[in-house]
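Engineer: Structure provided below as structure tokens; questions to follow.
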Amino acid sequence: MAEIQIKNVAKTFGAYQALHDINLTIADQEFMVLLGASGCGKSTLLRIIAGLETATSGEVWIGGRRIDHLSPKDRGIAMVFQNYAVFPHLTVFENIGFGLRMQKLPNDEVTRRVERTASLMHIDQLLKRYSGELSGGQRQRVAVARALAMEPDVILMDEPLSNLDALLRMEMRAELKGVLAESKTTAIYVTHDQVEAMSMADRISVMHQGRIVQAASPIEVYRNPSAEFVASFIGNPPMNFLRAKPAGAGKWTVAGQLFDGPTADKPELQFAIRPEDMQPAAEGLKATAKVVEPLGAHLLVTCEIDGSLFRAVLDSDMTVRPGEVLTLAPQSNRVRWFDPETTLAVA
Amino acid sequence: MSQASMAASVPDPQPDPDATPATNTRSAGRFLYVSGVVLLCAWVIVPIYFLMINTLSSPETVNSFPKPFFPEFDLGSLTFFAGFAGMLSALKNSVLVAGMTMVMSIVIGAPAGYALSRFEFRGKGTFRLLILLTRAFPLPLLALPLAVMFIRTGLDDTALGLALVHTTLAIPFSVLITFSLFSGIPIELEEAAWTLGCTRLTAFQKVVLPLILPGITASAIFAFVISWNEVFAAAVLTIENRTLTAFLLQNLDTSPLHLKFAGGFILVVPALIFIFAVRKYLFAMWGIANR
Amino acid sequence: MNARILPYVLILPVTLFLCVFFLYPFVLVAKQAFSTGACFTMENFREVTTYWKFPISMRNTLLLAAAVVPIQLALSLLMATMVTRMQKGRDLVLYIWTIPLGISDLAAGLIWLAIFEQSGFLNTMMNGLGVVDKPVNFLSYQHPGVVFLAIALAEIWRATAIMLVILVAGIGLIPKEYYEAAEVFGASPWKRFLRITLPMLRPSLQTALVLRVILAFEIFAVVAALGGTLFPVLMGETYAYQFDLLNSGAAAAMALIILAISIGFTLIILRVLRVPKGASI
Ligand SMILES: Nc1ncnc2c1ncn2[C@@H]1O[C@H](COP(=O)(O)OP(=O)(O)O)[C@@H](O)[C@H]1O
Ligand SMILES: [Mg+2]
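Chains as they are written, first to last, in this note's numbering: chain A, 16 to 362; chain B, 14 to 304; chain C, -13 to 267.
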């Protein structure tokens, strides 16, 4: 059992506050992805869990044991680094077996485990090589194998795929997901790549400026972003926003059109809709097409509604010319509302 | 001739590369360049070669005129050198002092180099400045007051006493060089070791040390050379237990030419070997230590 | 161990060592220089500066530095730019050029003694060419110019390597893109050297010059081997006070004078070649 609990963790570097009061619980065997733009504090949080960085305040618990005062080696974790950190003076075999040797396991046990994890990661042919003789992808595999061989309670990964080329990244993504699911290890995976996050995670924690803005399943994060930031960060192209004025009794005016919305007592709300949730219709928002990008599978139309930029993903069979005025209707169950003051979602 | 003016006379490969005048100037420039390099190599090597001729000739030849331009491979001068009273023990002292300097400057200097490369701490800037300051100081002069201090502590005229002074000379280099060497090892390697069950110490032993060892050896050799070559402090601080440099200096007026040249040659030989051994590190060491 | 105190534990040995063997003797030397017996006095300084040899040794030391350092600077810049263009044999050439780095000043003095002494190679060559009919005793008081030349050559020969190493390392740190950009804009090699190499090399030039100038004021054994008493220099006089005259107060005063000159020149070099903040690579 390796549930991870992060309680009120904060971190300051000098005067700079990198993490604000982080609270997060990660279930046993869960695959948690920390997603956010570069510099938002993902690595710092991961390193605090690993024990490579000390939190300014707060507690970290793993499997019901408080571990924030322990050194990394006593936390039952293994880590995969962005630049792999494969030891250059050791062979692949000795790299994978490094942690096992530190535990003073007998030789045959080390060999057995190294060979098993190596074949799991498809690097059994490389055991005698040195890291200088490996490609980036192979080094990546060694780094993961080295972590898995420890049979840790928790495996921590800091952007492990970001140094690979796009094709290899896609391949490794699927493979890693399979291997980790099989190993039944609790995993925390840091990335700034939302596709990676969506495709691998059981749950995503979206981070922004040292805070966790939303922690939920990928589809929940996508469909029901809890804040404007999440809505605009996740999804490519991101969610569209339009100003909405109250028209009384849960009705809101958006670009001259009346929509059903929350019965909130606010002077203004943000009306939000994903580009792919817009359809041409007889009645709806009047959008002037500005740029038309045929993407093969879809047609991406950037248009202007009520003076704001607005994107719609339409069927690629349609023909739209710049300057054309479209009438677009949102799929009503996909409309979301945000309070511009707090930037949070309004139900 | 200067590199710059020579380079300037070489036109860039512009419109017509087949034009004869351009080709001519370029090959003339090439010729100048190569002969410049050869000339500068000769400038370094030929004087050492002359010393070698003198060393490998009989004492009579060394003191006669004119000089041959090839050594006669006579070991007379070297045998005389080996037999000269006190010379061998001076040689032994030189090796001893340099060896101690080498060990002390690494043992004392390397931890500081590690601290500078791995930690942010208050006073780091001041500490670095102090180290740089020592390097910008005519340190052998400090042997003068130390002579008095050593007499009081019984360190006078001992190999250890001199090695301590030589360590002061070598330490700024060993700190800055190990600093740059440690900085060349990604911290992630250590961190990976920590997450794989190492303490700070075992991670250092199992990961950092094997990677750094060749560089540490190079900087140790550098410390050895600094001590091996030092003259002033050695002459001030030793009387009975002279090092080779101090011994030769003391006997400059009285010793015959063949003794001087043989002694000089014995001083030069380790230098040739050491510089060869550390040649790969010389530039890397100075590259970062500069800033 | 606690990561907060660990760095201090690690720098403690060096700090202690430098306190005992660098700061403390520095204080001692100052005390010794400013006192005879127990009371404060400038007597030691008066004694050494009024000695007839003082102006001569001062002049000799400065003259030597003034003659040697600029040549070494030019030579090491030349050599450094030469090796950066080199493709074949770079390692060998660099090895040969850095050999003198490991050679002591005493050995360098002896090497050039083999050339300049009366039965040496210079005389042999001149005799062979028929320039002289019998060997000349160059290193004597009749030929002060040749003595100076021999010492200067030995210094240039020996101590250019240290500057070369620093400059080659410095040039290695200059990003290639600058040169490529300059080439695109049509800068000639000479312009590239003036506009890119020299300014970007400023930190290295600074280090190289400071180190070299300080060593130049410490010149001692080369002179002892080649000129003996013919060419008095400051460091040699210091040595003589300590050993021949057994006057350690005067020796301490001399040491402080050399220190002062070194520090003065270091400050000047740092000032002249200062790197504007934020302008480094
Ligand atoms: N050792 C440190 N010293 C000072 N600031 C740091 C340090 N480590 C990280 N930071 C700062 O903390 C913030 C978060 O960094 P990090 O966790 O590495 O971001 P991410 O991994 O999300 O890109 C950044 O603004 C970074 O500059
Ligand atoms: Mg990061």
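By construction, the Cβ of each residue, glycine as well, lies at the ideal position given by its N, Cα and C atoms. Remember, predicted model here, so these are calculated numbers, not experimental data.
For ligand 1, which residues have a Cβ under 5 Å from at least one heavy atom, in chain order?
Structural biologist: Answer in sequence order: F28(A), A33(A), S53(A), G54(A), C55(A), G56(A), K57(A), S58(A) and T59(A).
Engineer: In three-state terms, what does DSSP make of E29(C)?
Structural biologist: Three-state DSSP puts E29(C) in a helix.
Engineer: Looking at E211(A) and ligand 2, is the gap between the Cβ and the nearest heavy atom below 7 Å?
Structural biologist: E211(A): no, Cβ never under 7 Å from ligand 2.
Engineer: Which residues of chain B have a Cβ atom closer than 8 Å to the Cβ of L324(A), listed in chain order?
Structural biologist: Within 8 Å Cβ-Cβ: nothing; L324(A) doesn't reach chain B, min ~42 Å.
Engineer: At a CB distance below 8 Å, what residues from the region 234 to 255 of chain B approach chain C? Give them in sequence order.
Structural biologist: Under the 8 Å Cβ criterion, the region 234 to 255 of chain B contributes V238, W241, N242, E243, V244, F245, A248 and V249.
Engineer: Which class does Y99(A) belong to by DSSP, given the choice of helix, strand or coil?
Structural biologist: It is coil, neither helix nor strand.
Engineer: Can you tell me the Cα-Cα spacing of L216(C) and L108(C), whole angstroms?
Structural biologist: Between L216(C) and L108(C), the C-alpha separation is close to 20 Å.
Engineer: Using a cut-off of 7 Å between C-beta atoms, extract the partners of K219(B) located in chain C.
Structural biologist: Residues of chain C passing the Cβ test: none, with the nearest at roughly 18 Å.
Engineer: May I ask you to report which of helix, strand or coil DSSP gives K74(C)?
Structural biologist: Reduced to three states, the DSSP call for K74(C) is coil.
Engineer: I need the DSSP call for R304(B), collapsed to helix, strand or coil.
Structural biologist: Because the pLDDT of R304(B) is 45, which lies under 50, any placement of that residue in the model is unreliable, and the number read from its coordinates should be weighed accordingly. Note: R304(B) maps to coil in three-state DSSP.
Engineer: Check whether the Cβ of E174(A) lies closer than 7 Å to any heavy atom of ligand 2, and answer yes or no.
Structural biologist: At least one heavy atom of ligand 2 is nearer than 7 Å to the Cβ of E174(A), so yes.
Engineer: Examine ligand 2 and report whether any of its heavy atoms sits within less than 7 Å of the Cβ of V221(A).
Structural biologist: Outside the cutoff, so no.
Engineer: Report all residues from its chain with a CB closer than 8 Å to the CB of V340(A); omit the five preceding and five following residues, and keep chain order.
Structural biologist: Correct list, in chain order: K301, A302, T303 and A304.
Engineer: So does V205(A) have its beta carbon nearer than 7 Å to some heavy atom of ligand 2?
Structural biologist: V205(A) Cβ: within cutoff of ligand 2.
Engineer: Could you tell me whether the Cβ of Q155(A) comes closer than 8 Å to any Cβ of chain B?
Structural biologist: Closer than 8 Å: no.
Engineer: Could you list the residues in the region 109 to 136 of chain B with a C-beta less than 7 Å from some C-beta on chain C, going in chain order?
Structural biologist: Of all residues in the region 109 to 136 of chain B, I121, G122, P124, A125, Y127, A128, F132 and F134 have a Cβ within less than 7 Å of some Cβ in chain C.
Engineer: So which of Q263(B), I225(B), F83(B) and A160(B) has the shortest CA-CA distance to G126(B)?
Structural biologist: Residue I225(B) is the option with its Cα nearest to G126(B).
Engineer: Give me the Cβ distance between Q58(C) and T146(C), rounded to the nearest whole Å; I'm assuming they're in contact under 8 Å.
Structural biologist: About 5 Å separates the two Cβ atoms, so the contact holds.
Engineer: Determine the direct distance from the alpha carbon of V101(A) to that of W207(B), and round the result to whole angstroms.
Structural biologist: Taking the straight line joining both Cα atoms gives about 13 Å.
Engineer: So, with DSSP's three-state summary, where would you put P24(B)?
Structural biologist: Below a pLDDT of 50, predicted positions are generally treated as unreliable, and P24(B), at 43, falls in that range; the measurement from the model is reported next regardless. Reduced to three states, the DSSP call for P24(B) is coil.
Engineer: For the alpha helix (DSSP H) holding W176(C), just list the boundary residues, first then last.
Structural biologist: W176(C) -> alpha helix (DSSP H) spans P175 to R178.
Engineer: I want to check one thing, is the minimum distance from the CB of V307(A) to the heavy atoms of ligand 4 below 7 Å?
Structural biologist: Among the ligands present in this structure, namely ligand 1 and ligand 2, ligand 4 is not found.
Engineer: If you draw a straight line from the alpha carbon of T166(B) to that of A164(A), how long is it in whole angstroms?
Structural biologist: Spanning the two alpha carbons is a distance of roughly 58 Å.
Engineer: Around the C-beta of V79(C), are 16 or more other C-beta atoms found within 10 angstroms, so that it is buried, or is it exposed?
Structural biologist: Its Cβ being crowded by 16 or more others within 10 Å, V79(C) is buried.
Engineer: For the region 258 to 275 of chain B, enumerate the residues whose C-beta is nearer than 8 Å to any C-beta of chain C, in chain order.
Structural biologist: So the close ones are T258, L261, L262, L265, D266, L270, K273 and F274.
Engineer: Any beta-carbon of chain C closer than 8 Å to the one on T197(B)?
Structural biologist: Note that residue 197(B) is Gly in the sequence shown, not Thr. False, the Cβ-Cβ gap to chain C never drops below 8 Å.
Engineer: Which class does A(-11)(C) belong to by DSSP, given the choice of helix, strand or coil?
Structural biologist: A(-11)(C) falls in the coil class under three-state DSSP.
Engineer: Could you compute how far the alpha carbon of V306(A) sits from the alpha carbon of W267(A)?
Structural biologist: In a straight line, the C-alpha of V306(A) is about 28 Å away from that of W267(A).
Engineer: Where do the ends of the alpha helix (DSSP H) carrying F102(C) lie?
Structural biologist: Segment D91 to F102, the alpha helix (DSSP H) holding F102(C).
Engineer: Of the choices V316(A), D354(A), R226(A) and S323(A), whose alpha-carbon is the least far from that of A279(A)?
Structural biologist: Nearest option by C-alpha distance: D354(A).
Engineer: By DSSP, does Q44(A) sit in helix, in strand, or in coil?
Structural biologist: Q44(A) falls in the coil class under three-state DSSP.
Engineer: Pull up the distance between the alpha-carbon of N67(B) and that of L262(B), whole angstroms please.
Structural biologist: Those two C-alpha atoms are separated by around 19 Å.
Engineer: Rounded to whole angstroms, what is the Cα-Cα separation between P79(B) and G112(B)?
Structural biologist: Distance between the alpha carbons of P79(B) and G112(B): 40 Å.
Engineer: Within the 8 Å Cβ cut-off, does N109(C) reach chain B?
Structural biologist: Output row for N109(C): interface = yes.
Engineer: Anyone know if the C-beta pair for L60(A) and L49(A) falls short of 8 Å?
Structural biologist: Yes; because the gap between Cβ atoms is below 8 Å, this pair is in contact.
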